[in-house]
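The structure under discussion appears below in the form of structure tokens.
And the structure:
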């Protein structure tokens with residue numbers, strides 16, 4: 001199922017990465033039954049979320065340092081760490097059962113580039129990131145405000161947004177440059 005979805009999107013991954021995606025999918029499906037950490041309940045929904053998470057790697061240059069805000073069950077941050085193996089990836093997830101799952105998956109998927117912080121992004125004390133990602137956390141302006149402490153003028157953002165994105169960007173600073181894809 002994952003191979004077909006990858007091919008449909010034109011995503012070419014190594015056999016090891018594909019096996020890791022399958023393992024992640026299986027583990028999430030099982031863990032989710034017990035701990036309810038994701039709205040993706042079926043194998044199909046999980047695969048769809050996996051693909052949605054990694055499609056941007058086709059057109060965004062690999063960053064040196066990535067922060068994913070409110071990672072939840074791993075969409076997109078854990079999956080970006082799996083694809084961008086040379087990127088130092090930090091996941092900020094304040095909910096314990098989700099942070100625990102992310103740590104377990106980081107170990108099982110052998111992702112030495114991954115760190116999980118069981119905390120809110122506004123409590124992180126670190127150097128600025130090259131790329132900050134987020135999916136289904138809050139509105140764009142609040143995300144920008146919450147990540148000010150861990151960003152600088154060089155930081156780029158990858159926010160996975162729904163249909164409200166057009167309304168949200170109306171309120172943003174007109175100095176910001178952005179693309180909607």
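In the working numbering, the protein residues as written are 1 to 181. In this text, a Cβ means the ideal position worked out from N, Cα and C, and glycines have one as well.
**Asked** Does the beta-carbon of residue 105 have 16 or more other beta-carbons within 10 angstroms, so that it is buried, or is it exposed?
**Response** Buried, since its Cβ has 16 or more Cβ neighbours within 10 Å.
**Asked** residue 66 lies in the beta strand (DSSP E); which residues open and close that run?
**Response** It spans 65-69 - the beta strand (DSSP E) in which residue 66 sits, taken as one unbroken run.
**Asked** Under the DSSP definition of a beta bridge, which residues are partnered with residue 157?
**Response** 132.
**Message:** So for residue 137, helix, strand or coil by DSSP?
**Reply:** Three-state result, residue 137: coil.
**Request:** Indicate the three-state DSSP secondary structure (helix, strand or coil) for residue 78 in the structure shown.
**Result:** Correct three-state label for residue 78: helix.
**Request:** Kindly indicate the opening and closing residues of the alpha helix (DSSP H) around residue 117.
**Result:** Not the alpha helix (DSSP H): residue 117 falls in the beta strand (DSSP E), residues 114-117.
**Request:** Along the alpha helix (DSSP H) that carries residue 90, what are the first and last residues, could you check?
**Result:** First-last for residue 90: 88-92, but that is the beta strand (DSSP E), not the alpha helix (DSSP H).
**Prompt:** With distances taken between CB atoms, is the gap from residue 114 to residue 92 smaller than 8 Å?
**Reply:** With contacts defined as CB atoms closer than 8 Å, residue 114 and residue 92 fail to qualify as a contacting pair.
**Message:** For residue 102 and residue 139, I'd like the C-alpha separation in whole angstroms.
**Reply:** Taking the Cα positions, residue 102 is about 24 Å away from residue 139.
**Asked** Can you check whether the CB of residue 54 is closer than 8 Å to the CB of residue 79?
**Response** Between residue 79 and residue 54, the CB-CB gap stays under 8 Å.
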